[in-house]
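Step one of this worksheet: look at the structure below.
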Amino acid sequence: MKKVVVGLSGGVDSSTAAAILHNQGYEVIGLTLWLMKGKGQCCSEGMIDAAYICEQLGIPHQVVDIRDVFQTNIVDYLVAGYSAGITPLPCSQCNKTVKFGPMVQYAREQLGCDRIATGHYAQIRYDEATGRYQLLRAVDRNKDQSYFLYDLSQELLAASVFPLGELQKADTRRIAADYGLKTADKPESQDLCLVESNGSMRAFLDKYLAPKKGDIVDTTGKVLGQHDGVHHYTIGQRKGLGVAAPEPLYVIELDAVNNKVIVGDRTKARAPECMVNRVNWVSIAEPSTPIHTEVQIRYRSTPTPATVIPLENSRVRLVFDESQFSITPGQAAVWYDGDKVLGGGIIEQFS
């Protein structure tokens, strides 16, 4: 019998993934990662629901305490980023360093299993011609999570199974209902786990970063208002600036060193290119020459044509066919060939 460890968060997606594999004849072991210190939906109610699902399916359930790993790799990472004037993307970081990596390690060392599965909406395909595992978008483009999975290594992709990759979300709920799963009608998680557990990102950051008043200025240096910390702002932000102007103003730069928030009109919030670091080439090996492809600079942004220019030290330069609005340092840029994820990295600066 094939054995697989399924990461269970207590939501409908991971529950259905476990049920599908169980009904396909896999020996399924449920594994829940205890991520957050203190109260948090995914780590309190979620663990209870995950345990209940395992009882329903008649499979073992294990909980692994990796709160210290989550604290270092996600909480500390976010706080350091926001305090430096960037807007970090925790999900891709979490997937690689907190979820998939530790899960594979635990499965191999403690459970004698080489395969893990999750409820992510994405697809994995092996390309015999190149000898690489490819990451592809999910069939349900509305739920596709490939953007958050770009940083998975070949080793992690080889060990992973995504049972929901070819399903629509409605199909997932229908299957969960057919199996009588408790989570079939469970509401969707609407925010980051840290936001859900703290009420807002601002409330989360205020637990770690003290208010630090400074100036809101325009591009000439004219003071337009005051702020209480650059960590409360992000590139492209328009609402909540607290300054009056004859035309809408947007955050175009965060100067953490001088504690200034720089604002300007929408045209000044656009840029023709950006630098990206910590690049991971996924479905193809790193090219030696520039490639023209489509890039997403945010999870919900429309893929836009751009040239990816490989540089040294796991960096690339992205040159867009048309200037882009709100290129945000700390967020991920992920480039695609159709549905295939070619690579991605973290935006470090724009110009």
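Per my numbering, residue 70 is the first one in the sequence shown, and the count goes up by one each step. Ideal Cβ positions, reconstructed from N, Cα and C, are used throughout, including at glycine. Everything numeric in this text was worked out from a predicted model, so none of it was measured.
inquiry  = Within a Cβ cutoff of 6 Å, which residues of the same chain sit near HIS296, ignoring the five residues on either side of it in sequence?
reply    = GLY283, ILE285 and VAL330
query = CA-CA distance, GLN110 and SER266?
reply = Bear in mind that the predicted position of GLN110 carries a pLDDT of just 47, short of 50, making it too unreliable to give a figure here.
task = Return the first residue and the last residue of the alpha helix (DSSP H) that HIS91 is part of.
result = 81–92
query = Comparing alpha-carbon positions, which option in GLY234, GLN203 and LYS255 lies nearest ASP421?
reply = With the chain represented from 70 up to 420, any question about residue 421 goes unanswered, as that position is not in the structure.
request  = Report the partner residues of HIS301 according to the DSSP bridge assignment.
outcome  = According to DSSP, which records beta bridges pairwise, HIS301 is partnered with nothing at all.
key: 3-residue-minimum beta strand (DSSP E) runs that sit fully inside the stretch 232–290, ordered along the chain   = 283–286
query = ILE416 bridges to which residues according to DSSP?
reply = VAL345
inquiry  = Taking 8 Å as the cut-off, does the stretch 126–137 touch the stretch 95–106 (at least 3 CB pairs, one atom from each stretch)?
reply    = yes
ask   = What is the C-beta distance between THR187 and SER352, in whole angstroms, given that I count them as a contact (C-beta under 8 Å)?
value = THR187 to SER352, Cβ: 19 Å. No contact.
message = Using the three-state DSSP reduction, which class does ILE117 fall into: helix, strand or coil?
response = helix
ask   = In this structure, does DSSP put ILE122 in helix, strand or coil?
value = helix
ask   = Excluding five sequence neighbours on each side, which residues of the same chain lie with their C-beta closer than 6 Å to the C-beta of LEU227?
value = Looking at the sequence shown, residue 227 is not Leu but Ala. Same-chain partners within the cutoff: TYR202.
request  = Going by CA-CA distance only, name the one from SER161, GLY305, ASN327 and LEU323 that's closest to PRO317.
outcome  = GLY305
query = Within 10 angstroms of its Cβ, does GLN174 collect 16 or more other Cβ (buried), or is it exposed?
reply = exposed
ask   = Do PHE389 and PRO341 come within 8 Å of each other at the CB atom, strictly closer than that value?
value = Yes.
query = What three-state label does DSSP hand LEU102 in the structure shown?
reply = strand
key: alpha helix (DSSP H) segments (min. 4 residues) lying fully within the stretch 172–234   = The qualifying runs are 223–228.
inquiry  = So, with DSSP's three-state summary, where would you put ILE366?
reply    = ILE366: coil per DSSP, three-state reduction.
query = Can you tell me whether DSSP reads SER383 as helix, strand or coil?
reply = coil
Residue span of the alpha helix (DSSP H) that contains ASP145, given as start and end = Unbroken alpha helix (DSSP H) run through ASP145: 145–152.
query = For HIS162, does the three-state DSSP call read helix, strand or coil?
reply = According to the sequence displayed, residue 162 carries Gln and not His. Three-state DSSP puts GLN162 in a helix.
ask   = Between which two residues does the alpha helix (DSSP H) harbouring VAL138 extend?
value = 136–139
query = Do you know whose CA, among TYR405, LYS409, GLN400 and ALA176, lies nearest LEU147's CA?
reply = GLN400
ask   = Closest by CA to LEU387, which one among VAL348, GLY407 and TYR368?
value = Minimum Cα distance to LEU387 is reached at VAL348.
message = Spatial neighbours of THR166 within its chain, please: C-beta separation below 6 Å, excluding the five flanking residues on both sides.
response = ASN142
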